[in-house]
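Please read the structure below before turning to the comments.
In UniProt numbering, the protein residues as written are 1 to 949.
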């Protein structure tokens, strides 16, 4: 802590120094009507001084000698403007707002009037074009052109960016083919705390945050020292909307339909914002609500020990999701030198999920009778993801430099709702089982591990074409009278992570006309609390064991059960008998839980008392302290160099439990344990930008970045899963992963907002973390598959990227409204896992990423079809070292479409559709002849109207 305090003291002492003297400064904003233009170049003629506008269209230039000057403002797709100014000694001049006009050669009259369509491309391309580092940008109106509903989905079209989905919706963001937790996702420059129902990753799930809150998305693939450097793949920064320059009201309402759930979708949003006439006060209030019914069909083939499937799970999900978002922004500009702001953000995702699961127990097969068991799992739960945050800050312009600061707090939580009640809020399941179900003996073999169904690629009978033909009677349907109660499960998870304080300060000034210096500091104090229990209750009552028929008044037919996985041309859904409704599940709990009919089975449960769930019951306290310095030097009018160093100290304390079975304690002893780790990361960063002509850039970068171990890796204990005889443990001593990154990228902009870019990148990675898996004994359990995170040998990743955007405005008539955007990223990686022969790829690194959009924009019409593709990648490295035991995520394609028509100046109607290809999400062992999990979501769409004042 003394080291941290010293670093903070030195940094804040430095940034508090404000240069005195008789030099002056200018500040101002660049607009197109009511909308700011970020990325505009503002040049002070007669000097080497220039700058670019920020995301609010603001600029400032300091250290100017008193006198008369002319400023020149240029913006791709707009006419250049010159304006004369006079700088007084020791004064800050506020330049009147500069209004740019779209070039008649680039943007037609309708586009200028409604400030949409290609204006979004102009904003994004100007920021990219004028940045020193390698960055991609999307503006809010560009996001609105496609049916992307949350923050994660908003960036899936960016070159080299992919997303991971949950129930068909975007959730996690990954950059350049690396795992999501190896990249950083931030809001207004600050990392957001994480909390999820499964896993303990540092990757933030952004499905709780609607796109309506976002002003810009900034994807930095080569970092500069003033950006948090725990971003090995890259940094994705979601910038929330800020106060407009004049009174603005936007509203939208939509209704739609989900084909698989056969139910509706509803959405609405409203935005209000304004600036006072004197420009001193501004505000924005933005609210969004999205309610949608959803459904998915899923099967999972569970393996244990060898390649045999011991249990086939047929899962049918239905539910209703509610996403709520709020963004509030307030600013106060007391004078030309000072600005203060407040930002408030809130996001919530409530998922009310009903899940009916049939488990075909091949391992219970009786060869004498050719029968087995079917288990019915009735599941109901409410999943809650809550986020809120607030930030205050200021910007202060001196005669020679600019000082800015901010202080923020963020909190994220996951918890289950009050199901079955407030004392046992959980993922609630009621199990029934039916024995004596006839199974086709051709499916089953016993190779020494008990009955299993083997895929034909492993010498068995089952394949993806016949896998649902396991019943000996094709007309079988499970019976409520034969479905006997088995178990009641309460799966309890609660995670809360807070960034208690995130404080930063930066000071920037021009040492001379060619040299800009910037330095600053940042401090984060965070904590994370995670609790977990998986409780199983068996029947202990004096009355007869109940059956599903005992609650016949609550039996329902599974919603759309006969259409289960119809995309795979199966009629296995006809075998689904009645299920227990959520009301019936609650009634079962009320009848039996508190009256002695149910008893906790400690041997089956994962609870602290028996040493279970240790890997998910732990707390983390962590501080991050960073200081940086950087210099930007204009070697000449075509060549600019940026270099600097960021130093980050991480101090982590993990508090958890360990459970030991010894001769002295044969029943096991639970004890608390605390581990600490402290490390300093030195991260140099160098950038070179060469612009041989105005619209051509070549960028070269060499940087060092890192990623901290996931929280789950730091757990001092582990979790034993009795059903699978598996143990997942943590390792508090695991080291962070570092990477040296090299980027070379070229781009050329055409006068009509067209662009083409291409480049290559390479990363050499040290201490990548992998799950080391081996067989062993844990607390009296033998033959356990034990997994623990370990640092592997060095790894590397190579990639190439190409991107282009072209509107066919050279074509005659209506054809000149057509255009195309496309990008492709190729990556290849290699890592060594100790004990495994040969090389393998990094986890979740796909070789191919591609996006293509065909669009038509002319007059009042905007139509787009967007295709997205990601190739297969490894998610888990198997214990045998053989490819057939590695778990892969299969190639995935998505096609979305949108249409809008501007009825009047204020009203626009729209229609949108998602998942038109209805491609399956698939995991498999080795290749797709051994599916592990397959899931389908169906097509969804909606239409509505937008109103803008």
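Quick reminder that beta carbons are idealized off the backbone N, C-alpha and C, glycines included.
Distance, Cα to Cα, residue 906 vs residue 270?
Taking the chain shown and counting its residues from 1, one reaches residue 906 at position 906. Taking the chain shown and counting its residues from 1, one reaches residue 270 at position 270. Looking at the two C-alpha atoms, the distance is approximately 14 angstroms.
Going by Cα to Cα distance, which pick from 587, 229, 557 is closest to residue 573?
For the purposes of this step, residue 573 is identified with residue 573 of the chain shown, where counting begins at 1. Of the listed residues, the one whose Cα sits closest to residue 573 is 557.
Straight-line Cα distance separating residue 251 from residue 329
The count along the chain shown starts at 1 and reaches residue 329 at position 329. The count along the chain shown starts at 1 and reaches residue 251 at position 251. Residue 329 and residue 251: Cα-Cα distance of roughly 18 angstroms.
Figure out for me which residue from 673, 690, 863 has the closest Cα to the Cα of residue 641.
Residue numbering aside, residue 641 sits at position 641 when the chain shown is read from its first letter. Answer by Cα proximity: 690.
So, is residue 860 buried or exposed, given that buried needs 16 or more other C-beta atoms within 10 angstroms?
Taking the first residue of the chain shown as position 1, residue 860 is located at position 860. Residue 860 comes out exposed.
Does the structure place the stretch 266-282 close enough to the stretch 527-546 that three or more beta carbon pairs sit under 8 angstroms?
no
Cβ of residue 545 within 7 angstroms of Cβ of residue 483?
Within the chain shown, residue 545 is the residue found at index 545, counting from 1. Within the chain shown, residue 483 is the residue found at index 483, counting from 1. The answer is no: Cβ separation not under 7 angstroms.
Distance between residue 311 and residue 298 (C-alpha atoms, nearest Å)
Residue mapping note: residue 298 aligns to position 298 of the chain shown, counting from 1. Residue mapping note: residue 311 aligns to position 311 of the chain shown, counting from 1. Near 14 angstroms, if we compare the C-alpha coordinates of residue 311 and residue 298.
Determine, using beta carbons only, whether residue 362 and residue 422 come nearer to each other than 7 angstroms.
Residue 362 sits at position 362 when you count from the first residue of the chain shown. Residue 422 sits at position 422 when you count from the first residue of the chain shown. In this structure, residue 422 does not lie closer than 7 angstroms to residue 362 by Cβ.
Using a Cβ-Cβ distance cut-off of 7 angstroms, determine whether residue 166 contacts chain C.
Absent here is chain C; the protein component of the structure consists of one chain.
Looking at the unbroken beta strand (DSSP E) that takes in residue 501, where does it start and where does it end?
Numbered from its first residue, the chain shown carries residue 501 at position 501. Taken as a continuous stretch (DSSP letters only), the beta strand (DSSP E) holding residue 501 covers 484-510.
Locate the beta strand (DSSP E) running through residue 520, then write down its first and last residues.
Here residue 520 is taken as the residue at index 520 of the chain shown, counted from 1. Taken as a continuous stretch (DSSP letters only), the beta strand (DSSP E) holding residue 520 covers 515-539.
Endpoints, beta strand (DSSP E) assigned at residue 334:
Counting from 1 along the chain shown, the entry for residue 334 is found at position 334. Residues 309-335.
Here's a check: name, in chain order, each residue in its chain whose Cβ is nearer than 7 angstroms to the Cβ of residue 215, leaving out the five neighbours to either side.
As a first step, residue 215 must be located in the chain shown, where it is residue number 215. So the qualifying residues of the chain are 55, 140, 239, 240, 241, 242.
Pull up the distance between the alpha-carbon of residue 377 and that of residue 819, whole angstroms please.
Along the chain shown, one-based indexing puts residue 377 at 377. Along the chain shown, one-based indexing puts residue 819 at 819. Whole-angstrom Cα-Cα distance: 50 angstroms.
Taking Cβ to Cβ, would you say residue 470 is nearer than 7 angstroms to residue 439?
Locating residue 470 in the chain shown gives position 470, counting from the first residue. Locating residue 439 in the chain shown gives position 439, counting from the first residue. Going by C-beta atoms, residue 470 is nearer than 7 angstroms to residue 439.
For residue 790, which residues from the same chain have a beta carbon less than 6 angstroms from its beta carbon, with the 5 sequence-adjacent residues on both sides left out?
On the chain shown, position 790 is the one that residue 790 refers to. Answer for residue 790: 772, listed in chain order.
DSSP three-state label for residue 929, please.
Counted from its first residue, the chain shown places residue 929 at position 929. Three-state DSSP puts residue 929 in coil, outside helix and strand.
Secondary structure of residue 129, DSSP reduced to three states:
Start at 1 with the first residue of the chain shown, and residue 129 comes out as number 129. The DSSP-derived three-state label of residue 129 is helix.
Residue range of the unbroken alpha helix (DSSP H) whose run includes residue 591
For this step, residue 591 is matched to residue 591 along the chain shown. Counting along the chain, the alpha helix (DSSP H) containing residue 591 begins and ends at 582-592.
Classify residue 845: buried if its beta carbon has 16 or more other beta carbons within 10 angstroms, exposed otherwise.
For the purposes of this step, residue 845 is taken as residue 845 along the chain shown, with counting starting at 1. Counting C-beta atoms within 10 angstroms of its own C-beta, residue 845 has 16 or more neighbours from the protein chains shown and is therefore classed as buried.
Helix, strand or coil for residue 351 per DSSP?
Here residue 351 refers to the residue found at position 351 when the chain shown is read from its first residue. Reduced to three states, the DSSP call for residue 351 is strand.
Taking 8 angstroms as the cut-off, does the stretch 747-766 touch the stretch 793-805 (at least 3 CB pairs, one atom from each stretch)?
yes
Apart from the five residues just before and just after residue 922, which ones in its own chain have a Cβ nearer than 6 angstroms to its Cβ?
Reading the chain shown from its first residue, position 922 is the one you call residue 922. These residues qualify, in order along the chain: 890, 934.
Excluding the 5 residues preceding and the 5 following residue 227 in the sequence, name in chain order all residues of the same chain whose CB lies nearer than 7 angstroms to its CB.
Here residue 227 corresponds to residue number 227 of the chain shown, with the count starting at 1. So the qualifying residues of the chain are 220, 235.
Distance CB(residue 342)-CB(residue 392) smaller than 7 angstroms
Within the chain shown, the letter at position 342 stands for residue 342. Within the chain shown, the letter at position 392 stands for residue 392. It is a contact, given that the beta carbons lie within the stated cut-off.
Contact set for residue 950: own chain, Cβ-Cβ below 8 angstroms, skip 5 residues either direction:
Nothing can be reported for residue 950, as the shown portion of the chain is limited to 1 through 949.
With a cut-off of 8 angstroms on the beta carbons, I'd call residue 429 and residue 535 a contact; round off their distance for me.
Along the chain shown, read from residue 1 onward, the residue named residue 429 stands at position 429. Along the chain shown, read from residue 1 onward, the residue named residue 535 stands at position 535. That belief does not hold up - the Cβ atoms of residue 429 and residue 535 are roughly 11 angstroms apart, past 8 angstroms.
Can you give the Cα-Cα distance for residue 172 and residue 163, rounded to whole angstroms?
Here the question's residue 172 lines up with position 172 in the chain shown. Here the question's residue 163 lines up with position 163 in the chain shown. If you draw a straight line from the Cα of residue 172 to the Cα of residue 163, it comes to about 5 angstroms.
Residues near residue 727 in its chain [Cβ-Cβ closer than 6 angstroms; skip 5 each side]
The residue given as residue 727 occupies position 727 in the chain shown. Within the same chain, residue 727 has close Cβ partners 718, 720, 778, 784, 786.
First and last residue of the uninterrupted beta strand (DSSP E) at residue 743
Walking along the chain shown from the start, residue 743 turns up at place 743. Counting along the chain, the beta strand (DSSP E) containing residue 743 begins and ends at 737-749.
Considering Cα atoms alone, identify which of 753, 914, 781 is closest to residue 865.
The residue you call residue 865 lines up with position 865 of the chain shown. Residue 865 has its Cα closest to that of 914, out of 753, 914, 781.
Inter-residue spacing [alpha-carbon to alpha-carbon] between residue 652 and residue 248
Here residue 652 corresponds to residue number 652 of the chain shown, with the count starting at 1. Here residue 248 corresponds to residue number 248 of the chain shown, with the count starting at 1. Spanning the two alpha carbons is a distance of roughly 46 angstroms.
Close Cβ partners of residue 621 (< 6 angstroms) along its chain, the five nearest in sequence each way excluded
Your numbering for residue 621 matches position 621 in the chain shown. Counting only Cβ-Cβ distances below 6 angstroms, and skipping sequence neighbours, we find 527, 653.
Return helix, strand or coil for residue 924, following the three-state DSSP convention.
The sequence position of residue 924 within the chain shown is 924, counting from 1. Strand at residue 924.
Where residue 204 falls, given that 16 or more other Cβ within 10 Å makes a residue buried
One-based indexing of the chain shown puts residue 204 at position 204. Its Cβ being crowded by 16 or more others within 10 Å, residue 204 is buried.
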